[in-house]
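Below is one structure, written out as structure tokens, with a few remarks after it.
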Amino acid sequence: MMNKIETLLKNFSEFWLHFFPEAGTLDRQQVLTELDDADFGRDSTRPDCQLVSYQNCVATVYGAYEQARFQVAAMGHILRSVRQFPAGGTLVSLGSGPGSYELWLLLNSQLGKVILVDHSSEMLARATSIAKEIGVADRLQTICTDATQNSIPPHTADVIFSINALHWSSGWRAWLREAARVGKPDAEVFISCSLLHPRSNITPDQFGQATREYFNISKFDMVVPPRQMPDGQTAVSSRFFFAGTKKR
Ligand SMILES: C[S@@+](CC[C@H](N)C(=O)[O-])C[C@H]1O[C@@H](n2cnc3c(N)ncnc32)[C@H](O)[C@@H]1O
13 MMNKIETLLK
23 NFSEFWLHFF
33 PEAGTLDRQQ
43 VLTELDDADF
53 GRDSTRPDCQ
63 LVSYQNCVAT
73 VYGAYEQARF
83 QVAAMGHILR
93 SVRQFPAGGT
103 LVSLGSGPGS
113 YELWLLLNSQ
123 LGKVILVDHS
133 SEMLARATSI
143 AKEIGVADRL
153 QTICTDATQN
163 SIPPHTADVI
173 FSINALHWSS
183 GWRAWLREAA
193 RVGKPDAEVF
203 ISCSLLHPRS
213 NITPDQFGQA
223 TREYFNISKF
233 DMVVPPRQMP
243 DGQTAVSSRF
253 FFAGTKKR
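In the working numbering, the protein residues as written are 13 to 260.
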């Protein structure tokens, strides 16, 4: 018998595979090579705004670029650690990409509205198209801008997300400040990032310290546990998350 969270995760996994089917037809390594991921993406030293065209290309192959196991693991942490998605409440997501988590939550929680902020118009176009298909477009707002330059009024969000995005910016601390600014006091928060990513080089200590400035942390952990590989090596993912609430 599956428990409630396992059932929800199965549903989310099917949602992901349906709306982001590229993993079924494209090879991830080839996608990264074709995107020139190292030069235009992870190792690029260009300012954030000059990564938009790269992110627009990523959007078209997002299901092969991102991995299902990370999406499902992150959703598992969200479902286990975000205490509530208030009825009629607003979720704001910074660096939302195509909004997989947020759109699924619009369908599967009592949230009233989702605001997605991303500087890639193609990522947001993909989110809008999914929202239309699942009948939640009237509850979705997209804002195409730098995550730290959005025009969302203070104290808008009941729930604040920033999932696997802020490490793309050396100005990542401003993302946390922004997440806190748009959140209501006590707002639920779930933020993840890849530590030691070349574009930001965030250490675990820095991430922990910076987050505690604005948020009460209830959980701080790896998104996926270390994995034993067939060659005997252990693969350790650098994706970390914290969940908690905005300080009053
Ligand atoms: C790896 S994707 C993650 C997307 C989504 N949150 C997820 O977990 O599926 C990172 C996203 O951050 C966005 N991003 C990167 N830098 C940004 C910035 N300075 N302002 C707004 N969005 C940004 C990219 O366009 C991309 O959609």
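Each residue gets a CB set at the ideal place from its N, CA and C atoms; glycine is no exception.
Close-in-space but distant-in-sequence residues of the same chain around residue i (CB under 8 Å, 5 per side omitted)
| i | result |
| --- | --- |
| Q122 | F97, P98, A99, G100, G101 |
| S132 | V64, Q67, N68, V70, A71, G109, C156 |
Contact test: residue i Cβ vs ligand 1 heavy atom, cutoff 7 Å
| i | result |
| --- | --- |
| E190 | no |
| Q67 | yes |
| A137 | no |
| I172 | no |
| L208 | no |
| D49 | no |
| G109 | yes |
| S25 | no |
| N213 | no |
| W184 | no |
| W180 | yes |
| D60 | yes |
| I175 | yes |
| H30 | no |
Limits of the alpha helix (DSSP H) - the one that residue i falls within
| i | result |
| --- | --- |
| N273 | An answer regarding residue 273 cannot be provided, because it is not within the stretch 13 to 260 covered by the chain. |
| I90 | 80-93 |
| S112 | 112-120 |
| I65 | Note that residue 65 is Ser in the sequence shown here, rather than Ile. S65 -> alpha helix (DSSP H) spans 64-72. |
| T45 | 40-47 |
| L136 | 133-146 |
N-terminal and C-terminal residue of the beta strand (DSSP E) that residue i is part of
| i | result |
| --- | --- |
| L106 | 102-106 |
| K125 | 125-130 |
| A169 | 169-175 |
Other residues of its chain near residue i: CB distance less than 7 Å, five sequence neighbours each side excluded
| i | result |
| --- | --- |
| L188 | A222, T223, Y226 |
| T72 | E134 |
| A143 | L115, A149, L152 |
| C69 | L47 |
Burial state of residue i, where buried means 16 or more other Cβ atoms lie within 10 Å
| i | result |
| --- | --- |
| M14 | exposed |
| G195 | buried |
| A247 | exposed |
| A86 | buried |
| K258 | buried |
| Q240 | exposed |
| R92 | exposed |
| Q83 | buried |
| C61 | exposed |
| T160 | buried |
Per-residue DSSP class, three states only, for residue i
| i | result |
| --- | --- |
| L152 | strand |
| S206 | strand |
| R224 | helix |
| T246 | strand |
| G183 | coil |
| K259 | coil |
| Q161 | helix |
Neighbourhood of residue i by C-beta distance below 6 Å, restricted to the same chain and skipping five residues each side
| i | result |
| --- | --- |
| L208 | S250 |
| G256 | V201, F227, N228, I229, S230 |
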